[in-house]
Amino acid sequence: MQNARHFAIIAVLVAVVTGLTYVGLNSLGLMPVEASAQSIPIDWLFDLEVKLISFFFALIMVPLTYSLIAFRRKDGDDGDGQHFEGNTRLEIVWTVIPLILVIVLGVIGGDNLRQVRIVDPQAAEIKVVAFQWGWRFEYPQGFSSNKLYLPEGKQVVLKMESQDVLHSFWVPEFRVKQDIVPGRVEDYRITPIRIGEYKVRCAELCGTSHAYMEAPVIVVSQADYDKWLTDQTAKAQLEAAASAGKPDATRGQKLYQESGCKACHSLDGAKGVGPTWKGLFGSTVELADGSSVAADEAYLTESVKAPGAKTVEGFPANAMPSFSYLTDGQVADLTEFIKTLK
Ligand SMILES: [Cu+2]
7 MQNARHFAII AVLVAVVTGL TYVGLNSLGL MPVEASAQSI PIDWLFDLEV
57 KLISFFFALI MVPLTYSLIA FRRKDGDDGD GQHFEGNTRL EIVWTVIPLI
107 LVIVLGVIGG DNLRQVRIVD PQAAEIKVVA FQWGWRFEYP QGFSSNKLYL
157 PEGKQVVLKM ESQDVLHSFW VPEFRVKQDI VPGRVEDYRI TPIRIGEYKV
207 RCAELCGTSH AYMEAPVIVV SQADYDKWLT DQTAKAQLEA AASAGKPDAT
257 RGQKLYQESG CKACHSLDGA KGVGPTWKGL FGSTVELADG SSVAADEAYL
307 TESVKAPGAK TVEGFPANAM PSFSYLTDGQ VADLTEFIKT LK
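All you need for this note's numbering is the position in the sequence shown, starting with 1, plus 6.
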């Protein structure tokens with residue numbers, strides 16, 4: 007009956023320590039708010055796992071600590087402990103229970119993934135371009151933005167691409183995280199359920215300014231979203247109409263920010279990964295091979311489309327990715343912008 011008493015005390019202590027551990031872990035407040043429909047099943051599963059973790063923590067620590075105290079060697083007792091030659095019943099129990107638990111958790115996890123991946127055929131598509139070091143969001147209405155606006159309560163599917171290396175799209179409040187592999191289009195489905203401002207950050211170490219690879223994610227009501235779409239579309243059309251055919255420095259400035267030039271080229275004379283653009287146009291550029299070249303339109307265009315052709319003295323060759331996907335019009339806009347940087 008002595009054993010029964012030990013077991014009873016341990017059982018009670020395990021229950022108490024499980025509860026305390028669970029409450030303690032929860033009070034750390036590690037989880038940000040739930041801002042997507044997908045975060046609800048994910049958090050439910052996470053909570054279940056925290057409960058199990060708390061229980062197993064107690065199940066190991068309580069008997070261990072209890073034994074250290076209750077079964078301590080008495081003074082003067084230097085005899086051997088009792089010898090055991092295995093215990094088949096116990097071994098079956100501690101094999102079968104975890105086996106069942108792992109299978110059940112696997113099934114629950116699979117179902118959870120199914121819930122997170124539920125496809126709404128009505129979901130609107132937005133193209134996401136990740137680059138060193140920033141994000142560009144291209145809306146089907148024909149404009150691009152460096153903020154991701156999303157409507158509350160509607161599923162959207164982000165078609166994500168990388169312009170250079172591996173990146174990862176992560177909005178902690180949405181829970182779901184997706185790597186972006188160059189050369190592939192990754193689907194990311196999310197249904198925002200909470201109006202507010204969040205942040206997407208790159209979760210894949212991608213170079214010098216990885217830590218700054220962030221962009222605002224703004225969830226608004228459907229009405230505000232529609233209004234924003236209309237405004238942006240009108241603005242883009244106005245811009246296009248106003249400067250059809252002729253290069254435009256404002257568009258160039260936008261490209262500077264949205265295409266990633268900003269990460270390497272400063273506008274204020276500071277040396278970055280690449281040379282500053284301040285005073286570049288019309289200057290004479292010293293090249294790594296000892297020659298020099300006049301920074302005219304042809305040189306700037308070549309520098310963007312084929313950065314490997316000439317290397318500026320004092321800068322690493324091939325550090326600048328090729329931007330051959332930019333249209334001639336866009337390169338002209340960029341050049342026009344550089345011209346304004348006296
Ligand atoms: Cu990145």
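Cβ atoms here follow ideal geometry from the backbone N, Cα and C, with glycine treated the same way.
Rounded straight-line distance, which links the Cα of residue j to that of residue i
i: Gly213; j: Ala269; result: 11 Å
i: Arg257; j: Leu340; result: 8 Å
i: Ala209; j: Tyr218; result: 11 Å
i: Ala338; j: Leu211; result: 32 Å
i: Val206; j: Tyr145; result: 17 Å
i: Phe77; j: Val102; result: 29 Å
i: Arg3; j: Ser73; result: Absent from the structure is residue 3, since the part of the chain shown begins at 7 and ends at 348.
i: Thr24; j: Val108; result: 20 Å
i: Val18; j: Gln8; result: 16 Å
i: Arg120; j: Ala240; result: 39 Å
i: Lys252; j: Ala242; result: 15 Å
i: Gln128; j: Ile199; result: 17 Å
i: Cys267; j: Asp126; result: 36 Å
i: Leu34; j: Val56; result: 12 Å
i: Lys348; j: Glu203; result: 36 Å
i: Ser309; j: Thr317; result: 9 Å
i: Tyr194; j: Gln184; result: 7 Å
i: Ala14; j: Gln88; result: 22 Å
i: Asp117; j: Val110; result: 11 Å
i: Thr282; j: Val39; result: 41 Å
i: Asp84; j: Ile75; result: 17 Å
i: Arg190; j: His271; result: 28 Å
i: Leu244; j: Gln147; result: 14 Å
i: Gly320; j: Phe329; result: 21 Å
i: Ala10; j: Gly112; result: 35 Å
i: Met166; j: Met67; result: 46 Å
Residue i - DSSP class collapsed to helix/strand/coil
i: Leu347; result: coil
i: Lys252; result: coil
i: Gln147; result: coil
i: Asp193; result: strand
i: Lys165; result: strand
i: Gln88; result: coil
i: Trp141; result: strand
i: Ile124; result: coil
i: Ala43; result: coil
i: Glu179; result: helix
i: Gly296; result: coil
i: Gly202; result: strand
i: Val23; result: helix
i: Cys208; result: strand
i: Ser350; result: Examination of residue 350 is not possible in this model, given that the chain is present from 7 through 348 alone.
i: Lys316; result: coil
i: Glu131; result: strand
i: Gly279; result: Note that residue 279 is Val in the sequence shown, not Gly. Three-state result, Val279: coil.
i: His271; result: coil
i: Asp83; result: coil
i: Glu359; result: For the chain, the structure presents residues 7 to 348; residue 359 sits outside this window and is missing.
i: Thr290; result: strand
i: Ala323; result: coil
i: Ala301; result: coil
i: Leu154; result: strand
Anticipated Cβ contact below 8 Å, residue i with residue j, distance rounded
i: Gln228; j: Thr197; result: About 13 Å separates the two Cβ atoms, so there is no contact after all.
i: Pro327; j: Asp170; result: 5 Å
i: Leu164; j: Ile124; result: Leu164 to Ile124, Cβ: 16 Å. No contact.
i: Ile4; j: Leu51; result: Past the boundaries of the shown model lies residue 4; the chain is included only from 7 to 348, so the question cannot be answered.
i: Val182; j: Val122; result: 6 Å
Distance CB(residue i)-CB(residue j) smaller than 7 Å
i: Ile201; j: Glu158; result: yes
i: Glu342; j: Ala255; result: yes
i: Glu192; j: Ile186; result: yes
i: Leu273; j: Lys260; result: no
i: Asn152; j: Ala41; result: no
i: Ala304; j: Leu286; result: no
i: Val20; j: Leu65; result: yes
i: Tyr155; j: Trp234; result: yes
i: Gln238; j: Phe149; result: yes
i: Thr290; j: Ser298; result: yes
i: Gly335; j: Asn324; result: no
i: Pro188; j: Ser215; result: no
Original post:
Three or more beta-carbon pairs under 8 Å between the region 53-70 and the region 24-33, yes or no?
Top reply: yes
Practice prompt. Pair every Cβ in the region 131-146 with every Cβ in the region 171-178, then say whether three or more of these pairs are closer than 8 Å.
Written response: yes
Next item on the list: Tell me, please, whether the region 291-308 touches the region 261-280 by the rule of three or more beta-carbon pairs shorter than 8 Å.
Entry: no
Within the chosen definition, does the region 90-99 reach the region 43-51 through at least 3 CB pairs nearer than 8 Å?
-> no
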